[in-house]
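In my numbering, the protein residues as written are 78 to 477.
Here is the structure we will look at.
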Amino acid sequence: MTGLRANSSIDLVEMSRSTEVAASIARRDVLGIVGLLLGLAMVGMAIPAFIPQKEPVGTLVKVGTGSLREKYSSSGNIPGVSVWSVHGKRLGHAVGTKKRVYNGSPVDILVKHYHELGQPLAEYISITNGGIDAICVAYIGMKWNNDVYGWIGDVGGICGADWYYTDTVLKSKGGTPTAQFNPKCIWIDRDRSSGFRTQGISMHITDFDVSGEGRKMQYAKYPETMCSRPRFHAYEYMKTEDDIYIFDPPLEYGPGLVDKDIRKVLVGGKLTEDGRRPYRARRNDDYYRMPRSRPISRRQQKLRSQFKREVLVVSGSPYHKAEELCQSRTSVGPDFVSLSDNLFCDMEHREVWPLCNNGTATHGCFDVEERTMKGGAIGARDSISGRAIPRKSYRTVTNW
């Protein structure tokens, strides 16, 4: 991959090891990058179909949330959206509302530009929560004139944001059964009542066009170039009117959309100056440094462990893995059954259990039909692992 080191005498691997972002990503399972790149390609192909064809006076943004099911929804309040040019000029914004996005349905948001004529393409975008109800963002589609771009929640999942699975389906043109993908979604919340760490996100959305093979290879091999601010950033505190971080000067790209100079990517970014400075930037100069994965406090962990405990999700999707969900430090959501690998994820205790086979259970396992743990009295120890068998009951079961 020769394009990665164009115009750069610095060794990329050594530079990556020197950043907190790279160290954080190295501790995660980056095999998810393969699925992420597939999803980004899918959303890129699907954008023309799911964004209205009527030409808007401004930037049209579609925000898709995590679930399409009525009984379990990762929807919430309609989010606020702001867009900026490549040079960091705010082109317009749409304030979020307390109205709800029902049943995970996507919502169209028109961001009217402040000046209708002569406005450039919006390259940066921020999404913030519009009310106190959390929302789990599965994908973002953006259209301005004939330019369309997309982003999926798997990016946030790889980059350390709070995430969960979805039953949202992205399909390529033609809708062939083999060309579809279930993206992850990432949580943004205003009141922090569920232990989520993010009030908003921003991104250089044009950099998630993976039509170039060089960019695919770069993100797969060096995910820190995808996750570092300002290409993508999750904000602990954020409102729609807040400034965001941008590349200054703008990036240059080589063949296959690869970054010409990696030194200009892993920089932390510069704040725009036409809005309100983010809360932490006003209080702490350390906010200008390269971002790092924020720790999860004991209070947050307790709130997260109790989130949606009365709900069980059962999925047959091959993209949904109980072990991945349970082993991730940043996943948040209901207990989960993965039929594709015959495992149950207890999200409260972060433990994986096998599903029960037909017949009498002789060790700890989860019975999908009866929606409970088996293998002995509740509180007893599993005969194989020695783990305590947890008590499980649900008011709502959702099948994906």
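We treat Cβ as the ideally placed atom computed from N, Cα and C, and that holds for glycine.
Quick caveat: nothing in here was measured; it's all calculated off a predicted structure.
Following the continuous alpha helix (DSSP H) through residue i, name the residue where it begins and the one where it ends.
{"i": "Cys213", "result": "First-last for Cys213: Ile212 to Trp221, but that is the beta strand (DSSP E), not the alpha helix (DSSP H)."}
{"i": "Leu187", "result": "Looking at the DSSP string, Leu187 is not in any alpha helix (DSSP H); the run it does join, the beta strand (DSSP E), is Val184 to Val188."}
{"i": "Cys403", "result": "Ala399 to Gln404"}
{"i": "Thr142", "result": "Note, Thr142: premise wrong, no alpha helix (DSSP H); beta strand (DSSP E) at Thr136 to Thr142."}
{"i": "Thr302", "result": "Glu301 to Cys304"}
{"i": "Ser382", "result": "Arg375 to Ser382"}
{"i": "Lys293", "result": "Glu290 to Lys298"}
Going by beta carbon distance, what residues of the same chain come within less than 6 Å of residue i, once the five residues before and after it are set aside?
{"i": "Ala199", "result": "Thr136, Val160, Leu168 and Trp221"}
{"i": "His170", "result": "Ser159 and Thr317"}
{"i": "Met403", "result": "A small fix is needed here, since residue 403 is Cys in this sequence, not Met. Answer for Cys403: Cys422, Arg427 and Val429, listed in chain order."}
{"i": "Thr283", "result": "Glu200 and Tyr226"}
{"i": "Val163", "result": "Glu200 and Pro327"}
{"i": "Ser279", "result": "Ser203, His310 and Ile321"}
{"i": "Pro197", "result": "Ser162"}
{"i": "Gly289", "result": "Gly333 and Leu334"}
{"i": "Met303", "result": "Tyr296"}
{"i": "Lys469", "result": "Thr449 and Met450"}
Let me know if residue i comes out buried or exposed under the rule of 16 or more other beta-carbons within 10 Å of its beta-carbon.
{"i": "Arg464", "result": "exposed"}
{"i": "Ile339", "result": "buried"}
{"i": "Ile209", "result": "exposed"}
{"i": "Tyr191", "result": "exposed"}
{"i": "Asp224", "result": "exposed"}
{"i": "Glu401", "result": "buried"}
{"i": "Ile235", "result": "buried"}
{"i": "Arg376", "result": "exposed"}
{"i": "Pro326", "result": "exposed"}
{"i": "Ser408", "result": "buried"}
{"i": "Ser462", "result": "exposed"}
{"i": "Arg406", "result": "exposed"}
{"i": "Lys293", "result": "buried"}
{"i": "Val188", "result": "buried"}
{"i": "Val388", "result": "buried"}
{"i": "Val138", "result": "buried"}
{"i": "Val134", "result": "exposed"}
Who are the Cβ neighbours of residue i in its own chain at under 8 Å, not counting the five residues just before and after it?
{"i": "Asn419", "result": "Pro431 and Leu432"}
{"i": "Asn481", "result": "Summary: the structure shown does not reach residue 481, with the chain confined to residues 78 through 477, and so no result is reported for it."}
{"i": "Glu425", "result": "Ser382, Gln383, Arg386, Asp412 and Pro467"}
{"i": "Ser417", "result": "Ser392, Gly393, Ser394, Pro395, His397 and Lys398"}
{"i": "Lys379", "result": "Gly272"}
{"i": "Leu108", "result": "Any answer about Leu108 is weak, because its pLDDT of 46 lies below 50 and its placement is not dependable; what the coordinates show is given next. Around Leu108: no qualifying Cβ."}
{"i": "Arg359", "result": "Residue confidence is low: Arg359 scores 47 on pLDDT, short of 50, so the model does not pin down where it sits. No coordinate-derived value is stated."}
Who are the near neighbours of residue i in its chain, counting only those whose CB is closer than 7 Å to its CB and skipping five residues on each side?
{"i": "Tyr330", "result": "Asp336 and Lys337"}
{"i": "Lys148", "result": "With a pLDDT of 47 at Lys148, under the threshold of 50, the modelled position of that residue is not reliable, and no figure is offered here."}
{"i": "Gly346", "result": "Arg306, Pro307, Tyr322, Ile323 and Phe324"}
{"i": "Ala457", "result": "Ile466"}
{"i": "Val140", "result": "Pro156, Pro183, Val184, Ile186, Ile204, Val214 and Ile217"}
{"i": "Val445", "result": "Val391, Val414 and Leu432"}
{"i": "Asp363", "result": "For Asp363, the pLDDT reaches just 42, beneath the cut-off of 50, and the residue's location in the model is therefore unreliable, leaving the point undetermined."}
{"i": "His281", "result": "Glu200, Tyr201, Pro307, Arg308 and Phe324"}
{"i": "Thr349", "result": "Trp161, Gly165, Arg167, Asp320, Ile321 and Ile323"}
{"i": "Tyr471", "result": "Glu387, Val388, Leu389 and Arg448"}
Assuming residue i is part of the beta strand (DSSP E), what are its boundary residues?
{"i": "Asp444", "result": "Cys442 to Asp444"}
{"i": "Met450", "result": "Thr449 to Lys451"}
{"i": "Leu389", "result": "Val388 to Ser392"}
{"i": "Ser415", "result": "Asp412 to Ser415"}
For residue i, list the residues DSSP reports as bridge partners.
{"i": "Lys316", "result": "The partner list for Lys316 (beta bridge, DSSP) is empty, contrary to what the question assumes."}
{"i": "Arg167", "result": "Trp161"}
{"i": "Gly227", "result": "Gly218"}
{"i": "Gly277", "result": "Thr205 and Tyr312"}
{"i": "Glu428", "result": "Asp423"}
{"i": "Cys262", "result": "Tyr241"}
{"i": "Ala465", "result": "Arg458"}
{"i": "Val474", "result": "Leu389"}
{"i": "Ser408", "result": "Trp240"}
{"i": "Lys248", "result": "Gln257"}
{"i": "Lys347", "result": "Ile323"}
{"i": "Asp268", "result": "Looking at the DSSP assignment, Asp268 forms no beta bridge with any residue, so it has no partner."}
{"i": "Asp338", "result": "Bridge partners of Asp338: none, in fact."}
{"i": "Tyr330", "result": "Asp336"}
Exercise for the section: Decide yes or no for the touch test of the region 289 to 303 against the region 237 to 247: beta carbon pairs closer than 8 Å, at least 3 of them. Expected result: Touching, no.
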